[in-house]
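Quick mapping for you: the protein sequence lines, in order, are chains A and B. Under the UniProt record's numbering, the first residue of the first sequence carries the number 1, and numbering increases by one thereafter. Under the UniProt record's numbering, the first residue of the second sequence carries the number 1, and numbering increases by one thereafter.
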Amino acid sequence: MTQVPVIEAKHLDLTFQTNDGPVQALRDVTLEISKGDFVSFIGPSGCGKTTFLRCIAALEEPTGGQLTVNGMSPEAARKARAYGYVFQAAGLYPWRTIAGNIKLPLEIMGFSKTEQVERVEKVLELVDLSGFGKKFPWQLSGGMQQRASIARALAFDADILLMDEPFGALDEIVRDHLNEELLKLWARTEKTIGFVTHSIPEAVYLSTKIVVMSPRPGRITDVIESPLPKERPLDIRDTPEFLEIAHRVREGLRAGHAYD
Amino acid sequence: MKRLVFPVVVVVAAILAFWYAACVPMNIKFALMTAERQGAVVSPEGMITRRDMSPFVLAAKNPAQWSDTWVQDKPRLPAPHQVVTELWAQTMQVAPTSKRSLVFHGWITLSATLLGFAIGSGLGVLLAVGIVHSRAMDMSVMPWAIASQTIPILAIAPMIIVVLSSIGLQGLVPKAVISAYLSFFPVVVGMVKGLRSPSPMDLDLVKTWSATKAQTFWKLRLPASAPYLFASLKIGVASSLVGTIVGELPSGTGQGLGFRLLSGSYYGQTVQIWSALFATAILAACLVAIIGLMERGVLKRMGLG
Numbered sequence: 001m002t003q004v005p006v007i008e009a010k011h012l013d014l015t016f017q018t019n020d021g022p023v024q025a026l027r028d029v030t031l032e033i034s035k036g037d038f039v040s041f042i043g044p045s046g047c048g049k050t051t052f053l054r055c056i057a058a059l060e061e062p063t064g065g066q067l068t069v070n071g072m073s074p075e076a077a078r079k080a081r082a083y084g085y086v087f088q089a090a091g092l093y094p095w096r097t098i099a100g101n102i103k104l105p106l107e108i109m110g111f112s113k114t115e116q117v118e119r120v121e122k123v124l125e126l127v128d129l130s131g132f133g134k135k136f137p138w139q140l141s142g143g144m145q146q147r148a149s150i151a152r153a154l155a156f157d158a159d160i161l162l163m164d165e166p167f168g169a170l171d172e173i174v175r176d177h178l179n180e181e182l183l184k185l186w187a188r189t190e191k192t193i194g195f196v197t198h199s200i201p202e203a204v205y206l207s208t209k210i211v212v213m214s215p216r217p218g219r220i221t222d223v224i225e226s227p228l229p230k231e232r233p234l235d236i237r238d239t240p241e242f243l244e245i246a247h248r249v250r251e252g253l254r255a256g257h258a259y260d
Numbered sequence: 001m002k003r004l005v006f007p008v009v010v011v012v013a014a015i016l017a018f019w020y021a022a023c024v025p026m027n028i029k030f031a032l033m034t035a036e037r038q039g040a041v042v043s044p045e046g047m048i049t050r051r052d053m054s055p056f057v058l059a060a061k062n063p064a065q066w067s068d069t070w071v072q073d074k075p076r077l078p079a080p081h082q083v084v085t086e087l088w089a090q091t092m093q094v095a096p097t098s099k100r101s102l103v104f105h106g107w108i109t110l111s112a113t114l115l116g117f118a119i120g121s122g123l124g125v126l127l128a129v130g131i132v133h134s135r136a137m138d139m140s141v142m143p144w145a146i147a148s149q150t151i152p153i154l155a156i157a158p159m160i161i162v163v164l165s166s167i168g169l170q171g172l173v174p175k176a177v178i179s180a181y182l183s184f185f186p187v188v189v190g191m192v193k194g195l196r197s198p199s200p201m202d203l204d205l206v207k208t209w210s211a212t213k214a215q216t217f218w219k220l221r222l223p224a225s226a227p228y229l230f231a232s233l234k235i236g237v238a239s240s241l242v243g244t245i246v247g248e249l250p251s252g253t254g255q256g257l258g259f260r261l262l263s264g265s266y267y268g269q270t271v272q273i274w275s276a277l278f279a280t281a282i283l284a285a286c287l288v289a290i291i292g293l294m295e296r297g298v299l300k301r302m303g304l305g
């Protein structure tokens, strides 16, 4: 794997001006994400993990430091379709079918009709939803809806997939299943994935790199390179290596809380 | 469905029973006067004695005259069957082009209502689009839209008629203008709410695809507003009809359901007033029902039904 930084943050700061005075959401965040990495951001609420992801997506603007995506500004990277974004809720339009929803970004980006159909078929197959294109979102379970929203983010072939607690609203059984599917998808597509989560097992199971963050102000306390192999069956979670990383993540989270 | 028939029949029967009962005290004095002149014994005797008595007391004392309260030519309150007979006579037993036909007057009112509703709802949608996309418009237009609805329409309608007739506009257009004046407001309010209904997450999502404002409007805001639009169109079309009726009162064209209401009250033709009133209500119900059918059709096609 080549070590070209896809996302590079240097001393990133972000301060929100609120009615209660300024709130520092990110302080001095320095991080490099290489092509093909699966990076998880973990930390308690308010640690800036979502904010950092939104900065990469140019949905928030940092107030200090430097941030590049594919060597460009986040704004330019977005226009160049560098990333697909998956939110915590599926956010499918109820008035569009599953296929119609996946087509939506393609319509906006001006793909031809035939290409739209082809791409929809392809990504539906990728998330194991072939044959569900004509269904409306309410006809699908929560897990299937979230898979459809991942398909939508994949439809226009962005290299980077940004996921903000995509499985946070799902129950643990569905979540395990989707985590497994996501790893397979990642292996097949070789995307770079940024993944925000609350769950230590989820972060350790999925990631090649775990970024531990802590709040007030939001900052990185630890970056863990996972020694786990790329091939990960679900029962890898009972191995000593897995538990050791989980332990280190937990330590990192605790350290972040040490002085508040 | 079968379980619904019984309560519906009970409610209708209760309304009719109340109505017939109300006719008795309302019309009893005239019934007693007529009966006394024809030689019947009523209690108490003499019009002067009865003048200041409570109609309820009179009704209680003279049960024999109750039936006379339901068949008078110019009752204070006509009985339901009188209104129905009049409606039937004025729609089915006269040519629809005749000036005595409620179909003729109804069409006059309907055409002005439809034109007014088209103008009003079109304007309402345009204003809502402007308000949602421009903060300046939000701040400058919305207060005036609200203020416009606080003015009693009865006060402003004659002025609109006079002003428009001075520039040569008479008949359909002034009524349609008043009708539009009433109907644009619910559409503005509903559409603004509807166009703003997408969540911040929905808006962030289209932003990640670098969608333009126009794309966001056509693909997200507009379809999201459809359920709101139909709800406000239903209110709008009913207001439109009210606007047209009010416009017909001072317009002096001698046509339309509003004119029928007015002329009925000039000549004490209460049965005519009530039949025009019912014709108006039926028309309004039909218009709302048509919008309801359109709503069902559209929302079903959108997968929202």
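Just so you know, even glycine gets a beta-carbon here, dropped at the ideal spot from N, CA and C. In this text, all values refer to a predicted model and were calculated from it rather than measured experimentally.
| query | result |
| --- | --- |
| Cβ of Ile42/A within 7 Å of Cβ of Thr197/A? | yes |
| Would you call Arg219/A buried or exposed, if buried means 16 or more other Cβ atoms sit within 10 Å of its Cβ? | buried |
| Can you list the alpha helix (DSSP H) stretches of 4 or more residues lying completely in the region 180-210 of chain B, in chain order? | 200-208 |
| Take Asp260/A and list the residues in its own chain whose beta-carbon comes closer than 7 Å to its own, dropping the five residues that flank it on each side. | Note on Asp260/A: pLDDT 48, under 50, position unreliable in the model; no value is reported. |
| Tell me the start and end of each unbroken alpha helix (DSSP H) in the region 140-221 of chain A that is at least 4 residues and wholly inside, in chain order. | 142-154, 172-189, 200-206 |
| I believe Ile102/A touches Ala158/A by the beta-carbon criterion, under 8 Å. Please report the beta-carbon distance rounded to the nearest angstrom. | Actually they do not touch by this definition, with Cβ atoms about 14 Å apart. |
| Helix, strand or coil: how does DSSP classify Ala82/A here? | coil |
| Work out the CA separation of Leu67/A and Asp28/A for me, nearest whole Å. | 12 Å |
| Check whether chain B comes within 7 Å of Asp260/A, counting only Cβ atoms and requiring the distance to be less than that. | Unreliable positioning characterises Asp260/A in this predicted model, as indicated by a pLDDT of 48, which lies under 50. The coordinate reading is nonetheless provided below. Answer no: the Cβ-Cβ gap between Asp260/A and chain B never drops below 7 Å. |
| Check each residue of the region 90-101 of chain B: if its Cβ is closer than 9 Å to any Cβ of chain A, include it; give the result in chain order. | none |
| Nearest CA to the CA of Gly46/A: which residue from Lys35/A, Leu161/A, Arg248/A, Thr15/A? | Thr15/A |
| Report yes or no: do three or more beta-carbon pairs, one from the region 194-211 of chain A and one from the region 162-176 of chain A, lie closer than 8 Å? | yes |
| Going by DSSP, what residue range makes up the beta strand (DSSP E) through Ser265/B? | Counting along the chain, Ser265/B falls outside any beta strand (DSSP E), though it belongs to the alpha helix (DSSP H) covering 257-266. |
| What residue range does the alpha helix (DSSP H) around Thr109/B cover? | 102-133 |
| Would you say Val187/B and Ser232/B are within 7 Å of each other, going by their C-beta atoms? | yes |
| What does Gly91/A touch in chain B if you count any residue whose Cβ is under 7 Å from its own? | Met201, Asp202, Leu205 |
| If you draw a straight line from the alpha carbon of Met213/A to that of Leu178/A, how long is it in whole angstroms? | 24 Å |
| Would you say Leu59/A reaches chain B, if we count a Cβ-Cβ gap shorter than 7 Å as a contact? | yes |
| Check whether the Cβ of Phe52/A lies closer than 7 Å to any Cβ atom in chain B. | no |
| Residues of chain A with CB closer than 7 Å to the CB of Ser210/B, please, in chain order. | Arg78, Lys79 |
| Taking only the alpha-carbon atoms, compute the straight-line gap between Met302/B and Ser199/A and give it to the nearest angstrom. | 37 Å |
| Find out if the Cβ-Cβ distance for the pair Ala57/A, Leu106/A is shorter than 7 Å. | no |
| Does the pairing of the region 94-101 of chain A with the region 235-253 of chain B give three or more beta-carbon distances under 8 Å? | no |
| Please classify Arg37/B as buried or exposed, where buried requires at least 16 other C-beta atoms within 10 Å of its C-beta. | exposed |
| I need the boundaries of the beta strand (DSSP E) containing Pro22/A, first residue and last residue. | 21-34 |
| Taking Cβ-Cβ distances below 7 Å as the criterion, which residues of the region 293-304 of chain B are in contact with chain A? | Met302, Gly303, Leu304 |
| Shortest alpha-carbon distance to Ser179/B belongs to which of Thr212/B, Val162/B, Gly120/B, Ala136/B? | Gly120/B |
| Output the distance between the C-alpha atoms of Ser98/B and Ala79/B, rounded to the nearest integer angstrom. | 26 Å |
| Helix, strand or coil, according to DSSP, for Asp260/A in the structure here? | Its pLDDT being 48, under 50, Asp260/A is placed unreliably by the model, and the measurement read from it follows with that caveat. In this structure, Asp260/A counts as coil in the three-state DSSP scheme. |
| Could you tell me the distance, in whole angstroms, from the CA atom of Ile161/B to the CA atom of Val120/A? | 58 Å |
| Is DSSP giving Val127/A helix, strand or coil here? | coil |
| Gln215/B versus chain A: which residues are under 9 Å apart at the beta carbon? | Glu107, Ile108 |
| Give me whichever residues DSSP pairs with Gln38/B in a beta bridge. | Note: Gln38/B sits in no beta bridge, so no partner. |
| Roughly how many angstroms lie between the CA atoms of Met1/A and Lys35/A, to the nearest whole one? | Low confidence applies here, because Met1/A scores a pLDDT of 45, under 50, leaving its location unreliable and the question unanswered by this model. |
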